[in-house]
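Enquirer:
Numbering (the numbering used here), first residue to last: 89 to 551.
See the structure below:
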């Protein structure tokens with residue numbers, strides 16, 4: 089009797105690929121994960137310069153991101169994140185009174201009403217309009233595909249939301265979650281964010297973030313967790329194609345070598361998957377570019393002294409969107425403070441040079457924080473992800489593929505796929521878990537000998 093464990097090959101070592109590999113391994117499959125880069129973690133990674141750790145971008149999650157939190161627990165990283173006890177977002181404005189969006193101990197959606205009624209950055213009339221729109225949002229079903237035909241901006245306009253409310257409240261939530269402004273966002277995606285995150289359960293929107301470098305949180309811990317389950321992790325392994333082999337099994341081509349598997353999970357971005365799979369394997373494969381891309385830029389500033397005691401804050405009336413204190417994660421213990429300025433939907437900043445961005449945002453920080461005016465920036469870093477996420481506008485839902493595809497035994501994963509969520513870490517993990525579950529189930533139905541082993545780690549050119 090053949091006792092060989094079924095083989096699942098996972099293409100891509102981002103969060104979706106890591107989650108898929110873990111799920112398949114936990115279901116009894118022998119897993120090989122192939123990643124073209126020398127590191128794991130996908131769009132969540134870190135690097136060190138002059139002894140300071142910088143993340144490529146500030147990534148956050150909400151307490152309602154249950155799949156992501158479960159993923160952290162599986163890889164042993166749950167203790168390396170900070171989660172607010174209660175949602176609290178200080179919102180600063182140059183020359184104005186600070187405000188705070190926070191929840192009370194009351195039930196949803198009443199838990200936000202006191203802070204919204206006191207919110208100083210919009211008029212009382214606008215606050216009442218926001219509360220009325222919130223009640224209407226709560227009645228929407230985020231699973232309704234017809235919501236994808238409408239922009240959130242048009243929906244807000246139809247409910248009398250003034251420009252000040254859109255710019256100083258709605259965009260504070262939509263920009264970092266959908267990675268486009270409210271005027272451009274799909275109503276379906278915006279409804280998912282607000283209904284699931286803010287309007288159903290009072291604790292759902294409590295914000296969390298990593299207290300260690302992202303590479304430590306995801307990539308390093310994910311590798312250890314996979315290898316502890318007997319998985320083979322191969323980096324610098326660029327996959328060029330996934331095809332249906334002559335032996336009625338999917339075949340993965342990596343550096344001109346063929347790896348036969350019982351099933352495959354393809355966990356790569358939407359602008360890559362089309363060229364990796366044969367024509368017709370993915371619905372609308374020749375039109376996946378309609379999902380578009382939306383950039384994220386981060387400006388990291390290290391000050392010679394602390395300039396704020398806030399762990400994070402948002403801003404209105406400024407080009408700054410969100411700021412996070414990364415001093416501990418950066419490894420600083422010499423009295424300096426490292427602050428990361430996170431800029432979503434950052435199209436307007438992509439063309440600026442790093443010195444230009446640093447100069448501009450140092451000045452913006454001084455407008456928001458009085459103590460910044462006399463402080464000296466000792467280190468700075470600009471990180472850019474020009475293709476950070478798909479562009480979550482109306483009409484994108486049909487182009488987000490499901491888990492299955494046109495090749496038997498091949499399954500898709502990624503934050504771009506049809507998760508019901510915007511392009512978030514939660515969506516990536518959910519898609520990976522589902523793809524890993526289905527790949528393991530497919531592989532376990534029948535096992536017979538398969539092809540040659542994966543290339544050794546380090547083989548081939550660096551990427």
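Here a beta-carbon is modelled for each residue, glycine too, at the ideal position from N, C-alpha and C.
It should be emphasised that the depicted structure is a prediction, and the values quoted were computed from it without experimental measurement.
Assuming the contact rule is C-beta atoms closer than 8 Å, residue 226 and residue 179 should be a hit. Round their C-beta distance to whole Å, please.
Expert: Position 138 of the chain shown, counting from 1, holds the residue named residue 226. Position 91 of the chain shown, counting from 1, holds the residue named residue 179. 22 Å between Cβ atoms; not a contact.
Enquirer: Reducing DSSP to helix, strand and coil, say where residue 46 ends up.
Expert: Lying outside 89 to 551, the shown extent of the chain, residue 46 is not represented and no answer is given.
Enquirer: Take residue 533 and list the residues in its own chain whose beta-carbon comes closer than 7 Å to its own, dropping the five residues that flank it on each side.
Expert: Mapped onto the chain shown, residue 533 falls at position 445. The answer is none, since no qualifying residue turns up.
Enquirer: So residue 250 packs on residue 280, CB below 8 Å; how close in whole Å?
Expert: Translated into positions along the chain shown, residue 250 becomes position 162. Translated into positions along the chain shown, residue 280 becomes position 192. About 24 Å; that fails the 8 Å criterion.
Enquirer: Can you tell me which of 459, 422, 433, 464 puts its alpha carbon nearest to the alpha carbon of residue 446?
Expert: The residue you call residue 446 lines up with position 358 of the chain shown. Per the Cα distances, 464.
Enquirer: Going by alpha carbons, who is nearest to residue 400 out of 374, 436, 457, 499?
Expert: Sequence index remark: in the chain shown, residue 400 carries index 312 (1-based). If we check each option's Cα against that of residue 400, 457 comes out closest.
Enquirer: Quick check on this structure: which residue in 414, 338, 368 has the alpha carbon closest to the alpha carbon of residue 98?
Expert: Stepping through the chain shown from its first residue, residue 98 is reached at position 10. For the residues 414, 338, 368, the minimum Cα distance to residue 98 belongs to 338.
Enquirer: Between the region 377-386 and the region 237-245, are three or more C-beta pairs nearer than 8 Å?
Expert: Too few Cβ pairs lie closer than 8 Å, so no.
Enquirer: If you draw a straight line from the C-alpha of residue 471 to the C-alpha of residue 92, how long is it?
Expert: In the chain shown, residue 471 corresponds to position 383, counting from 1. In the chain shown, residue 92 corresponds to position 4, counting from 1. Straight-line Cα distance between these residues: approximately 45 Å.
Enquirer: Could you spell out where the beta strand (DSSP E) holding residue 135 opens and where it closes?
Expert: For the purposes of this step, residue 135 is identified with residue 47 of the chain shown, where counting begins at 1. It spans 134-137 - the beta strand (DSSP E) in which residue 135 sits, taken as one unbroken run.
Enquirer: To which residues does DSSP link residue 354 through a beta bridge?
Expert: Here residue 354 is taken as the residue at index 266 of the chain shown, counted from 1. According to DSSP, residue 354 bridges with 99, 500.
Enquirer: Going by DSSP, what residue range makes up the alpha helix (DSSP H) through residue 243?
Expert: Position 155 of the chain shown, counted from the start, is the residue given in the question as residue 243. That run of the alpha helix (DSSP H) goes 240-246.
Enquirer: For the alpha helix (DSSP H) holding residue 149, just list the boundary residues, first then last.
Expert: Numbered from its first residue, the chain shown carries residue 149 at position 61. It is not in any alpha helix (DSSP H) - residue 149 instead sits in the beta strand (DSSP E) that spans 148-150.
Enquirer: Quick one: Cα of residue 415 to Cα of residue 427, how far?
Expert: Residue numbering aside, residue 415 sits at position 327 when the chain shown is read from its first letter. Residue numbering aside, residue 427 sits at position 339 when the chain shown is read from its first letter. Between residue 415 and residue 427, the C-alpha separation is close to 7 Å.
Enquirer: State the DSSP-derived secondary structure class of residue 373, mapped to helix, strand or coil.
Expert: Residue numbering aside, residue 373 sits at position 285 when the chain shown is read from its first letter. If DSSP states are grouped into helix, strand and coil, residue 373 belongs with the helices.
Enquirer: Am I right that residue 314 and residue 100 are in contact with their C-beta atoms under 8 Å? What's the rounded C-beta distance?
Expert: Counted from its first residue, the chain shown places residue 314 at position 226. Counted from its first residue, the chain shown places residue 100 at position 12. About 13 Å separates the two Cβ atoms, so there is no contact after all.
Enquirer: Span of the alpha helix (DSSP H) holding residue 158?
Expert: Here residue 158 refers to the residue found at position 70 of the chain shown. From DSSP, the alpha helix (DSSP H) with residue 158 extends over 154-163.
Enquirer: Please go through the same chain and pick out, in chain order, the residues whose beta-carbon is closer than 8 Å to the beta-carbon of residue 173, but skip the five residues on each side of it.
Expert: For this step, residue 173 is matched to residue 85 along the chain shown. Excluding positions up to five away in sequence, the list reads 294.
Enquirer: Could you tell me which of 435, 425, 420, 397 sits nearest to residue 407, measuring between CA atoms?
Expert: Here residue 407 is taken as the residue at index 319 of the chain shown, counted from 1. Nearest of 435, 425, 420, 397 to residue 407, Cα basis: 435.
Enquirer: Can you name, in chain order, every residue of its own chain whose Cβ lies under 7 Å from the Cβ of residue 356, other than the five neighbours on each side?
Expert: Walking along the chain shown from the start, residue 356 turns up at place 268. Hits under 7 Å: 99, 100, 364, 502.
Enquirer: For the candidate residues 223, 116, 299, whose alpha-carbon lies nearest to that of residue 166?
Expert: Here residue 166 refers to the residue found at position 78 when the chain shown is read from its first residue. When only C-alpha atoms are compared, the closest one is 299.
Enquirer: Can you give, in chain order, each stretch of the beta strand (DSSP E) that sits fully within the region 358-438 and has at least 3 residues?
Expert: If we require 3 residues or more, the beta strand (DSSP E) runs fully inside the region 358-438 come out as 382-391, 400-403, 410-413, 425-432.
Enquirer: In the DSSP assignment, find the beta strand (DSSP E) that holds residue 178 and state where it starts and stops.
Expert: Counted from its first residue, the chain shown places residue 178 at position 90. 176-180 is the span of the beta strand (DSSP E), which, as asked, contains residue 178.
Enquirer: Counting along the chain, where does the alpha helix (DSSP H) carrying residue 444 start and finish?
Expert: Stepping through the chain shown from its first residue, residue 444 is reached at position 356. Its alpha helix (DSSP H) spans residues 442-456.
Enquirer: Give me the Cα-Cα distance between residue 379 and residue 233, rounded to the nearest whole angstrom.
Expert: Within the chain shown, the letter at position 291 stands for residue 379. Within the chain shown, the letter at position 145 stands for residue 233. Each residue's alpha carbon lies about 16 Å from the other.
Enquirer: Considering only residues of the region 474-521, which uninterrupted beta strand (DSSP E) runs meet the minimum length of 3 residues and lie entirely inside it, listed in chain order?
Expert: Fully enclosed beta strand (DSSP E) runs of 3 or longer: 498-500.
Enquirer: Look at the alpha carbon of residue 557 and the alpha carbon of residue 441, and state the distance between them as a whole number of angstroms.
Expert: Residue 557 lies beyond the residue range present for the chain, which begins at 89 and ends at 551; the question has no answer from this structure.
Enquirer: Helix, strand or coil for residue 145, going by three-state DSSP, please let me know.
Expert: Within the chain shown, the letter at position 57 stands for residue 145. Coil at residue 145, not helix or strand.
Enquirer: Tell me where the alpha helix (DSSP H) around residue 309 begins and ends.
Expert: Counting from one through the chain shown, the residue named residue 309 turns up at place 221. Run containing residue 309: 309-316, per the alpha helix (DSSP H) assignment.
Enquirer: Skipping 5 residues on each side, what residues in its chain have a beta carbon closer than 7 Å to that of residue 263?
Expert: For the purposes of this step, residue 263 is taken as residue 175 along the chain shown, with counting starting at 1. Once the five neighbours on either side are set aside, the close Cβ partners of residue 263 are 269, 409, 432, 433.
Enquirer: Tell me which residue opens and which closes the alpha helix (DSSP H) that residue 127 is part of.
Expert: Start at 1 with the first residue of the chain shown, and residue 127 comes out as number 39. Where residue 127 is concerned, there is no enclosing alpha helix (DSSP H), given that its DSSP letter is neither H nor E.
Enquirer: If you draw a straight line from the alpha carbon of residue 106 to that of residue 351, how long is it in whole angstroms?
Expert: Looking up residue 106 in the chain shown gives position 18. Looking up residue 351 in the chain shown gives position 263. Straight-line Cα distance between these residues: approximately 16 Å.
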